[in-house]
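Right, one structure below, let's go through it.
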């Protein structure tokens with residue numbers, strides 16, 4: 004099956020997940036065309052997931068596809084954006100039965116499910132030969148001037164997370180990344196493969212003073228907010244919500260749950276308070292300074 | 004050097020190529036934010052260039068970067084869009100001296116040059132570990148309802164190309180893809196490494212009845228227009244403009260020049276007429292039926 008036949012196959016599987024009222028031109032031309040909403044800005048992010056770096060190569064393809072779109076969309080949720088569309092650039096190994104048409108159909112079905120769950124149109128993409136990887140560019144909209152940034156937190160504000168942390172990291176730690184059956188995941192596998200980009204928390208994120216999604220671990224991602232905003236933070240171990248099967252270190256350094264960390268000067272309905280921002284730089288856990296050692300793609 | 008330090012390095016090299024008046028939030032947050040222009044639609048495309056599939060791994064990095072952005076932008080030019088911004092997802096091999104900081108600076112400098120040449124802000128991206136590849140999502144704007152499609156050509160119209168074809172293919176055929184010096188390219192190497200996305204032809208593309216950029220070869224890309232529009236074409240060999248060093252087969256099947264093929268019912272100032280559209284399906288060269296055998300990424 005050649006490139007163009009494979010694209011037709013993907014297009015068939017996506018079905019209505021490829022279109023939306025705001026898409027003027029979808030799959031099949033040089034580029035997709037979208038109508039922007041008046042009074043809104045465009046929000047855009049790109050991520051790449053490489054096989055055996057960011058997901059197990061032999062994981063069920065529908066889980067890989069679902070997760071790839073959700074973890075990419077999470078960046079839009081952290082900006083308080085409404086998702087609109089995504090472009091998928093897929094690189095597939097040469098002449099492989101494993102990554103042939105059946106695998107591609109499963110991958111597309113997983114992506115379509117994540118697209119439908121978030122109202123994101125999968126309106127374009129690209130297919131190349133090469134080592135297995137998936138790049139996803141995601142696009143949303145936010146009221147002009149209202150995107151929630153990393154750089155606008157201030158000492159005295161409270162720190163919140165949108166949900167329990169650490170279960171996805173526990174899935175890795177316990178080496179459960181290859182589920183026996185793709186439709187019978189345990190809690191840890193669900194946390195890893197089926198994160199939900201937290202668009203349901205948009206009112207809180209829009210009202211927050213700063214936000215970031217937790218992809219590399221609470222401590223690592225918090226440090227980005229602190230660096231950008233020029234302050235420090237005090238965390239309270241007892242307040243950090245642990246997911247099923249998670250230990251505190253999973254929550255602090257694990258990442259992969261794709262909850263959102265945000266700051267606010269007032270109580271947030273959708274958030275769990277885990278600490279507060281300080282004018283003293285650094286991060287302290289119950290008063291004791293802690294170091295950054297979350298996941299770093301390029302650590303030496 | 005860790006991921007975040009490398010991103011700072013890239014950001015430094017990009018300098019003013021990362022910003023533009025329409026960018027509200029650039030590099031350094033979860034996502035970039037752009038202000039759309041009233042009366043315009045958003046046009047978006049994504050491409051991946053894999054090392055040793057789409058470019059030689061050991062080619063000078065500034066040439067690789069320049070070309071990666073230009074070939075991606077070419078899709079926007081073919082829709083009659085004005086370029087606005089791009090996101091770059093770079094996957095770099097582990098612990099390699101070759102693809103270390105110096106290489107990355109050169110790559111970013113090449114991309115910045117292409118960005119400046121086209122007024123495209125490089126406002127976001129992602130860095131991952133993995134086999135060397137570059138995914139670029141490109142974004143532009145076109146007057147609402149005015150994007151030029153593949154599907155709107157009609158029998159009786161003339162076929163045009165925006166410039167000479169085949170030199171990039173001749174560069175591959177003659178195995179000249181690794182220039183001795185990156186600042187002393189010959190004509191074939193210039194054609195391959197320094198294509199210009201043809202935004203200078205926007206008036207003609209906007210007025211055209213259909214358009215597509217020639218990435219996979221004239222015959223292959225013409226066949227997409229014909230399939231989408233439901234017609235055939237007659238090409239005249241003498242009219243096909245050959246680039247320096249190119250033979251007719253380079254022009255017909257080679258691709259990689261990134262000229263634009265477009266159709267029009269009237270004479271086009273910026274185009275060279277190479278044939279006409281027919282109600283008889285298929286492609287004929289001087290009256291003789293020719294087959295598709297341009298570059299197919301997935302041909303078996």
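Residue numbers (the working numbering), protein chains in the order written: chain A, 4 to 303; chain B, 4 to 303. Here a beta-carbon is modelled for each residue, glycine too, at the ideal position from N, C-alpha and C.
Can you round the beta-carbon distance between residue i and residue j to whole angstroms, since I take them to be within the 8 angstroms contact cut?
i, j, result
"residue 139(B)", "residue 71(B)", "6 angstroms"
"residue 235(A)", "residue 229(A)", "6 angstroms"
"residue 87(B)", "residue 144(B)", "6 angstroms"
"residue 114(B)", "residue 91(B)", "7 angstroms"
"residue 191(B)", "residue 247(B)", "7 angstroms"
"residue 245(B)", "residue 251(B)", "7 angstroms"
"residue 101(B)", "residue 133(A)", "In fact, because the Cβ distance is near 18 angstroms, the residues do not count as touching under 8 angstroms."
"residue 197(A)", "residue 69(A)", "6 angstroms"
"residue 210(A)", "residue 267(A)", "7 angstroms"
"residue 226(A)", "residue 263(A)", "About 16 angstroms; that fails the 8 angstroms criterion."
"residue 59(A)", "residue 181(A)", "6 angstroms"
Looking at residue j and residue i, is the spacing between their C-beta atoms short of 9 angstroms?
i, j, result
"residue 217(B)", "residue 141(B)", "no"
"residue 137(A)", "residue 212(A)", "no"
"residue 173(B)", "residue 194(B)", "yes"
"residue 152(B)", "residue 53(B)", "no"
"residue 224(A)", "residue 170(A)", "no"
"residue 157(A)", "residue 280(A)", "yes"
"residue 37(B)", "residue 48(B)", "no"
"residue 93(A)", "residue 131(A)", "yes"
"residue 43(A)", "residue 146(A)", "yes"
"residue 46(B)", "residue 9(B)", "no"
"residue 293(A)", "residue 255(A)", "yes"
"residue 222(A)", "residue 295(A)", "yes"
"residue 161(A)", "residue 278(A)", "yes"
"residue 117(B)", "residue 76(B)", "yes"
Going by DSSP, which residues form a beta bridge with residue i?
i, result
"residue 163(B)", "265(B) and 276(B)"
"residue 250(A)", "BP columns for residue 250(A) are empty, so no partner."
"residue 143(B)", "46(B) and 86(B)"
"residue 216(A)", "263(A)"
"residue 12(B)", "Looking at the DSSP assignment, residue 12(B) forms no beta bridge with any residue, so it has no partner."
"residue 287(B)", "237(B) and 292(B)"
"residue 36(B)", "46(A) and 28(B)"
"residue 168(A)", "245(A)"
Is DSSP giving residue i helix, strand or coil here?
i, result
"residue 151(B)", "coil"
"residue 65(B)", "helix"
"residue 192(A)", "helix"
"residue 226(B)", "helix"
"residue 120(A)", "helix"
"residue 174(A)", "helix"
"residue 308(A)", "Because chain A in this structure spans residues 4 to 303, residue 308(A) falls outside the shown range and cannot be described."
"residue 185(A)", "coil"
"residue 243(B)", "coil"
"residue 54(A)", "strand"
"residue 282(A)", "coil"
"residue 28(A)", "strand"
"residue 309(A)", "Residue 309(A) lies beyond the range of chain A shown here (4 to 303); nothing can be said about it."
"residue 297(B)", "With a pLDDT of 47 at residue 297(B), under the threshold of 50, the modelled position of that residue is not reliable, and no figure is offered here."
"residue 22(B)", "coil"
"residue 4(A)", "coil"
"residue 235(B)", "strand"
"residue 132(A)", "strand"
"residue 302(B)", "Only weak support is given to the placement of residue 302(B): the predicted model assigns it a pLDDT of 44, under 50, and the question is left unresolved by the model."
"residue 125(B)", "strand"
"residue 180(B)", "coil"
"residue 210(A)", "helix"
"residue 92(A)", "strand"
"residue 80(B)", "helix"
"residue 115(A)", "helix"
"residue 101(B)", "coil"
"residue 71(A)", "helix"
"residue 3(B)", "Outside the shown range of chain B (4 to 303) lies residue 3(B), about which nothing can therefore be said."
Could you tell me whether the region 7-26 of chain B touches the region 196-215 of chain A, using the rule of 3 or more Cβ pairs below 8 angstroms? no
Exercise for the section: Kindly confirm or deny that the region 55-64 of chain B and the region 105-125 of chain B touch, where touching means at least three C-beta pairs closer than 8 angstroms. Expected result: yes
| said: Does the region 260-280 of chain B come into contact with the region 149-166 of chain B, if we say contact requires no fewer than three beta-carbon pairs (one atom in each stretch) closer than 8 angstroms? | reply: yes
Checklist entry - For the 8 angstroms Cβ check, are there 3 or more pairs between the region 25-33 of chain A and the region 121-130 of chain A? => result yes
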